[in-house]
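This report concerns only the one structure given below.
4 protein chains.
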Amino acid sequence: MLVVMQHGATPEQIDGVVRTIEEMGYQARPMPGSQRTAVGLVGNDGRVDSSRIEALEGVAEVIHVSQPYKQVSREWQPESTIVTIAPGVSFGGGEIPIIAGPCSVESEQQIIASAKAVRAAGAVALRGGAFKPRSSPYAFQGLGKKGLELLALAREETGLAIVTEAMDDEGAHLVAEHADCIQIGARNMQNYSLLKTVGKIGKPVLLKRGMAATINDLLLSAEYILAAGNDQVILCERGVRSFDPAVRNMFDLTAIPVVHKLSHLPIIGDPSHGTGIRGMVTPMARAAVAAGADGIIVEVHPTPERALSDGGQSLYPEQFAQLVGELRLIAGSIGRSLAASGTAAAAAG
Amino acid sequence: MLVVMQHGATPEQIDGVVRTIEEMGYQARPMPGSQRTAVGLVGNDGRVDSSRIEALEGVAEVIHVSQPYKQVSREWQPESTIVTIAPGVSFGGGEIPIIAGPCSVESEQQIIASAKAVRAAGAVALRGGAFKPRSSPYAFQGLGKKGLELLALAREETGLAIVTEAMDDEGAHLVAEHADCIQIGARNMQNYSLLKTVGKIGKPVLLKRGMAATINDLLLSAEYILAAGNDQVILCERGVRSFDPAVRNMFDLTAIPVVHKLSHLPIIGDPSHGTGIRGMVTPMARAAVAAGADGIIVEVHPTPERALSDGGQSLYPEQFAQLVGELRLIAGSIGRSLAASGTAAAAAG
Amino acid sequence: MLVVMQHGATPEQIDGVVRTIEEMGYQARPMPGSQRTAVGLVGNDGRVDSSRIEALEGVAEVIHVSQPYKQVSREWQPESTIVTIAPGVSFGGGEIPIIAGPCSVESEQQIIASAKAVRAAGAVALRGGAFKPRSSPYAFQGLGKKGLELLALAREETGLAIVTEAMDDEGAHLVAEHADCIQIGARNMQNYSLLKTVGKIGKPVLLKRGMAATINDLLLSAEYILAAGNDQVILCERGVRSFDPAVRNMFDLTAIPVVHKLSHLPIIGDPSHGTGIRGMVTPMARAAVAAGADGIIVEVHPTPERALSDGGQSLYPEQFAQLVGELRLIAGSIGRSLAASGTAAAAAG
Amino acid sequence: MLVVMQHGATPEQIDGVVRTIEEMGYQARPMPGSQRTAVGLVGNDGRVDSSRIEALEGVAEVIHVSQPYKQVSREWQPESTIVTIAPGVSFGGGEIPIIAGPCSVESEQQIIASAKAVRAAGAVALRGGAFKPRSSPYAFQGLGKKGLELLALAREETGLAIVTEAMDDEGAHLVAEHADCIQIGARNMQNYSLLKTVGKIGKPVLLKRGMAATINDLLLSAEYILAAGNDQVILCERGVRSFDPAVRNMFDLTAIPVVHKLSHLPIIGDPSHGTGIRGMVTPMARAAVAAGADGIIVEVHPTPERALSDGGQSLYPEQFAQLVGELRLIAGSIGRSLAASGTAAAAAG
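Chains as they are written, first to last, in our numbering: chain A, 1 to 349; chain B, 1001 to 1349; chain C, 2001 to 2349; chain D, 3001 to 3349.
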């Protein structure tokens, strides 16, 4: 940590900073400059609360040099973590799994049809919401426990791994019982009580980036899960708030190389929520794989025009099949490959 | 709702939209234009899922004319809601209550000293976190239940009303027992399970705007609480994410007149989190009152340089006392007044 | 400047950074830490191009400690600059001048009526565009030179000082001939050729903050003008791009205390462009003065519903008169006062 | 255009809107709804100034249905425009040209070495700034006219087409004399005087998206150039301002499919400014091609660690050569190909 003093700070003020740093149990190294003095804090273990120092007389600014997270950092663990949610469905290695399915589980017929369609096209995992966080209290909120049972049924029929969202403690335990991976949605990325719960449950977690979360925020939220004892965390870029109404969200693909540099955790892309518009899903899914994403999660619905939610951003099954073909070639262009649906199928067989 | 067709949409595509709208139980009014046709959907009760229509062939865009929220709307209830959290502490009328206190409850000595100082300066309610949502899992997380008991003690000693945050269901019930108003923090603004819980508990709720929430999002979150049966909701602007690192957040005071126009709920300002820098708190608190805020919530600490959290944005008691004096004059300039601490004191006496 | 090395950077890499800093003519101070080493660059005169160092092996990040601007800085000149554009119309002292008038000069009748109305209500300067930067090439682009002559006529009739925008070199010279203050609009804030031109002309400049300019960017643009020899610069907050469509722009009032801390230049607020909605102009103008603005620039039109541009954000003259009354009281609440229109009138008499 | 009335607007107010629309020469179609009335304006030719209507009594909101631009629209011209800046260097068809080179022209030796290196690796055009818009007035501002002459020399030696920036009218004429394509930088995207000038000059223009420009703004700026008689415009996504300091800009690749949908103009990607960090350039360049970019512009420097500007985001020649190989495969995956350097070379031979 570097404490930058105001231009013209007095020797007493500089001493005050040095003394406070020492009282806190760290070493202080004053560094006089041509315009102003800075004081380095040495020995920061990531727990220093800079706010106490910011409040001292003569301090202009406190600059953080150490990262505030620890276990998620690539400095803590240089080799990439591989998160396996089901046999053959691993994120973070050379293979790129594709997760696909409808926004919500609507009925047995719909989820089974969806599962078969996405499996045929090359997906290895099925998405589908049973608990739906909707902006409006009057919108369809999902089938709840019944939805989870239908997802489990779809797994039996197709061998696809199941990824679905939990919104609270009770839901997290239910999802853990029925699914292979617990999704934490963007709106709950900083719901720390929920993060601690899924940390303790120990099932793989798909953690979506919040609407306006920095990568630093995302990694700190993941740190909550690791700190609770669970390192099976897959991060997910799903678009952030922007000033341009041309798309629902701004899909920030730079998040992918940034996370790969800072953390050993895998990161996947969600081009459906990332853009909110069907016509943008295919190009942005391709871009995500080209940028190095460790997986893709895409909304596909057998009949989008009849979907109870997010119909406008769901692909038709045939569009999805064509996309998978392109993704296979792009993955190959950068020395990777798509996870083969055969593997998961075998496990189910 | 207005469905804008693509330039060159065929009559069949327009018919398709008309038919779908009618199937959904609404009336459709095609409106041919010089560049393109639009189809009005008449009879929207706020529940139409536009996504189904967006997915139709030939549709360029769906434009929402009705607001997606209902009970929070000023069209639903023209007169302003007044939320009273304790005798003499009412938000939304002519009087402006001031809530002040430390970021966290740290000890009996600290919270009692804080309460006395802010009361002496003119505050009518005490803030102070017992459950703290911290970005890092390694930062001080608050005293929990013990903190709530200390807040209750401070109320006994000073007569101040108590406002404190809850982060989950269990915490919400505990806060409801000990405090006068349950705060939902920015990070939990879209934690719908928690919103439903505080809706059912029925205590007054202080709902903070999320990091990148639009006013529309904020009102929809409030709608969750009203829909669960609780209309005692105070909204709070506390700064949003911005591109400028000059301040921690961008304090969006325009939120105040916008909310007053769209909703009957009161809205207050939090210049401490709104800026994150002590030197900015005073000017922005003044600005909030001048913009029409129905209250102010400010961090004040007896010794900010020793605070366990947020010391850098906490006012010294004497700075706060001077601020209250200025706020009193500014309130008078626009025909309002500060809520008098005497009232609450009397209740305590 | 502080060069933060990667965790595990080798001694050779650290030496490389030290050597490069020394080659560039500065001193290097390595500072080993518990997690990583940092190297301080001492003697930075503000011209160091950090990019060369960022490119070295083993460097994680370069952190700037010195500010990149100089002459605009309060460290360079502690006392506030007072910019006087006409007798009695000074920005940056205790008095707060109000600039008001229509978006565009439309006709002699309109601009004279506007000038008389705003003068009667308490304005000391007249705004009105002769050259209009419009997003669409098909929108009304202003009366050009004819507009400038009408503004000069309005000055003769009312004694009001004139503030109007220039969009290019030729326009800047014309504006300098006819007006008292050259406005550089938000879209040209980083048009460095134009900044150099107005720097050389030497007339007072009103520099508006760009759509997504940080305060640092704004100060650097002002630095261009000062570096060209003109220190008569008034900064102006006019709203920035945001994610919330509820208002046209997000009026960032925190800019006011931030600029006051970092720079000796005055800063005023433009609540008309800052919000883009008539109903928000009054509360936000009040908030700007309460936040410490050194002036206000407001759109007022005798008949907004017939305005050729920006009618929806222009105040009616009577609304403006009421606003001025409130601003007078608010200014008084914080120990300031409005600049009296009498002064300017006297000069004109 | 749709005029949405306030809930409870009176018949007189609705009549007022209808009358105003008719006075303006358009047809009005009132559309009563269950919650509020809307009035459609029919016959909008894109020139309606909505501000006049927004100002009427009882109006809640004005919603634009027609796009504000015309000649750049894909509705105006369905087939894609192909912009050819030199023989074999065409943007907007199946082939994807790569533009590469240093941030600034620094010396004859440097620009010739750069040109040879990028040509050998597969680029067909050379970038390099002679006029540099720098945030600080004290930073290196480019070699000016001398730089243009060196670029022309590099073209003679290598056959590469030349793309370089102009910052004002005088510069635009100089660039037009020496180069094949005039670049308008992000900071000048709304410098309408300059846009009109390059529209009249008639040379191909590379128009970069502004820091916080919506796609709508970008298209309107292009409309200025087309309206002045020049339809040889290439758009360029180069990253926008964001809240996340992890990268210098947020590279918004969704701009590519959005522009392709709305306009017939080609759009390319600039991953160097788009991210500002060397390690992110390669993945984001790949992502841009996968997203459908019609070209790529990349900073490459023979010795980035000695560059006078932007060294930290410049690729080493060998990194660039490997990138081109990957881009070739990705282009092939989606049915496109890279423009061959042979073609341009032949033209030079």
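Glycine residues also receive a C-beta, built at the ideal position from the N, C-alpha and C atoms.
Between the Cα of Phe-1320 of chain B and those of B:Ala-1285, B:Gly-1276 and B:Leu-1218, spot the shortest distance and give me the residue it belongs to. Out of B:Ala-1285, B:Gly-1276 and B:Leu-1218, B:Ala-1285 has the C-alpha closest to the C-alpha of Phe-1320 of chain B.
At what residues does the alpha helix (DSSP H) containing Pro-2030 of chain C begin and finish? Boundaries for Pro-2030 of chain C: no alpha helix (DSSP H) harbours it, while the beta strand (DSSP E) harbouring it runs 2027 to 2032, taken from the DSSP string.
Are the C-beta atoms of Ile-2014 of chain C and some chain A residue less than 8 Å apart? No, Ile-2014 of chain C does not count as interfacial toward chain A.
Consider the Cβ of Glu-2305 of chain C: report whether some Cβ of chain D lies at a distance smaller than 8 Å. It does: the Cβ of Glu-2305 of chain C has a partner Cβ on chain D nearer than 8 Å.
What's the call for Lys-2208 of chain C, buried or exposed, on a 16-neighbour Cβ count within 10 Å? With 16 or more other Cβ atoms within 10 Å, it is buried.
Own chain residues within Cβ distance below 6 Å of Gly-3349 of chain D, not counting five before or after: Model confidence at Gly-3349 of chain D stands at a pLDDT of 37, short of 50, so the residue's coordinates are unreliable; what they give is reported in the following sentence. In its own chain, leaving out the 5 sequence neighbours on each side, no residue places its CB closer than 6 Å to the CB of Gly-3349 of chain D.
Top-ranked residue by Cα proximity to Ile-1184 of chain B, from B:Leu-1174, B:Glu-1177, B:Asp-1168 and B:Gly-1229: For Ile-1184 of chain B, the closest of B:Leu-1174, B:Glu-1177, B:Asp-1168 and B:Gly-1229 by C-alpha to C-alpha distance is B:Asp-1168.
Would you say Ala-1346 of chain B faces chain D, with C-beta separation under 8 Å as the test? Here Ala-1346 of chain B scores only 42 on pLDDT, less than 50, and its place in the model is too uncertain to base an answer on.
Could you list which residues in chain D have their beta carbon closer than 8 Å to that of Pro-2133 of chain C, in chain order? Contact of Pro-2133 of chain C with chain D by beta-carbon distance below 8 Å involves Gln-3190 and Tyr-3192.
Please state whether the Cβ-Cβ distance between Met-3001 of chain D and Ser-3050 of chain D is less than 8 Å. It is a contact, given that the beta carbons lie within the stated cut-off.
Gly-325 of chain A, buried or exposed, once every other Cβ within 10 Å from all chains shown has been counted against 16: When all chains shown are included, Gly-325 of chain A counts as exposed.
For Ser-309 of chain A, return the contacting residues in chain B, with the cut-off set at a CB-CB distance below 8 Å. Near Ser-309 of chain A (Cβ distances below 8 Å), the residues of chain B are Asp-1049 and Ser-1051.
Inside the segment 1195 to 1233 of chain B only - alpha helix (DSSP H) runs reaching at least 4 residues: Listed in chain order, the complete alpha helix (DSSP H) runs (minimum 4 residues) inside the segment 1195 to 1233 of chain B are 1215 to 1227.
Cutoff 8 Å; reference Pro-257 of chain A; Cβ partners in own chain excluding five residues on either side: Cβ within range, chain order: Ala-291 and Gly-292.
Ile-2201 of chain C versus C:Lys-2116, C:Met-2211, C:Ile-2182 and C:Met-2189, residue with shortest Cα-Cα distance: Closest by alpha carbon: C:Ile-2182.
Do the segment 1024 to 1037 of chain B and the segment 1187 to 1205 of chain B meet, that is, are 3 or more Cβ pairs less than 8 Å apart? They do not touch, by the three-pair rule.
Give me the Cα-Cα distance between Ala-3213 of chain D and Ala-2213 of chain C, rounded to the nearest whole angstrom. Taking the straight line from one Cα to the other gives about 12 Å.
Enumerate in chain order the residues of its own chain whose CB-to-CB distance from Pro-3204 of chain D is below 6 Å, with the five nearest sequence positions on each side excluded. Around Pro-3204 of chain D: Val-3083, Ile-3085, Cys-3181 and Gln-3232.
Once DSSP output is grouped into helix, strand and coil, what is the label at Ala-1086 of chain B? Taken through DSSP and simplified to helix, strand or coil, Ala-1086 of chain B comes out as strand.
Local Cβ density within 10 Å of Ser-2221 of chain C, reported as buried at 16 or more and exposed below that: In the assembly as shown, Ser-2221 of chain C is a buried residue. Its beta-carbon has 16 or more other beta-carbons within 10 Å.
For Leu-3019 of chain D, count the other beta carbons within 10 Å of its own beta carbon; 16 or more makes it buried, fewer makes it exposed. Which is it? The question names Leu, but residue 3019 of chain D in the sequence shown is Arg. Exposed is the call here.
DSSP three-state assignment for Ala-3009 of chain D, whether helix, strand or coil: In the structure shown, Ala-3009 of chain D sits in coil (DSSP, three-state: anything other than H, G, I, E or B).
Taking 8 Å as the CB-CB limit, is Val-2247 of chain C close to chain B? At least one chain B Cβ lies under 8 Å of Val-2247 of chain C.
When burial is assigned at 16 or more other CB atoms within 10 Å of the CB, is Arg-3306 of chain D buried or exposed? Counting Cβ neighbours within 10 Å, Arg-3306 of chain D comes out exposed, since fewer than 16 surround it.
Excluding five sequence neighbours on each side, which residues of the same chain lie with their C-beta closer than 6 Å to the C-beta of Val-3289 of chain D? Its chain contains Leu-3327, Ile-3330 and Ala-3331 as the residues whose beta carbon lies nearer than 6 Å to that of Val-3289 of chain D, once the 5 sequence neighbours on both sides are disregarded; these appear in chain order.
What are the residues in the segment 3189 to 3222 of chain D lying within 7 Å of chain C by C-beta distance? Cβ contacts with chain C come from Gln-3190, Asn-3191, Tyr-3192, Ser-3193, Met-3211, Ala-3212, Asp-3217 and Leu-3220.
Limits of the beta strand (DSSP E) - the one that Gly-3100 of chain D falls within: For the record, residue 3100 of chain D in the displayed sequence is Ala; it is not Gly. Start and end: 3098 to 3101.
How should Lys-3146 of chain D be labelled, buried or exposed, when 16 other C-beta atoms within 10 angstroms of its C-beta is the threshold for buried? Classification for Lys-3146 of chain D: exposed.
Tell me whether Leu-235 of chain A sits in a helix, a strand or coil according to DSSP, three-state version. In this structure, DSSP gives Leu-235 of chain A an extended state, which the three-state scheme calls strand.
Would you mind sorting Thr-3081 of chain D into buried or exposed? The rule is 16 or more other CB atoms within 10 Å of its CB. Classification for Thr-3081 of chain D: buried.
Taking the C-alpha atoms as reference points, what is the distance between Pro-266 of chain A and Ser-3104 of chain D? One C-alpha to the other measures close to 37 Å.
Extent of the continuous alpha helix (DSSP H) to which Ile-112 of chain A belongs: Residues 108 to 121.
For Thr-3343 of chain D and chain B, any beta-carbon pair shorter than 8 Å? Annotation note: pLDDT 46 at Thr-3343 of chain D (below 50); position unreliable, coordinate value reported separately. For Thr-3343 of chain D, the nearest beta carbon of chain B is not closer than 8 Å to its own beta carbon.
Taking Cβ positions, are Ser-2073 of chain C and Val-2300 of chain C nearer each other than 8 Å? No, the pair does not count as a contact, with Cβ atoms beyond the cut-off.
Please report the straight-line C-alpha distance between Val-1003 of chain B and Ile-111 of chain A, rounded to a whole angstrom. Approximately 29 Å between the Cα atoms of the pair.
What does Leu-2 of chain A reach in chain C if we use C-beta pairs closer than 8 Å? Below the 8 Å Cβ cutoff, chain C contributes Leu-2002, Ala-2038, Ile-2063 and Val-2065 as neighbours of Leu-2 of chain A, in chain order.
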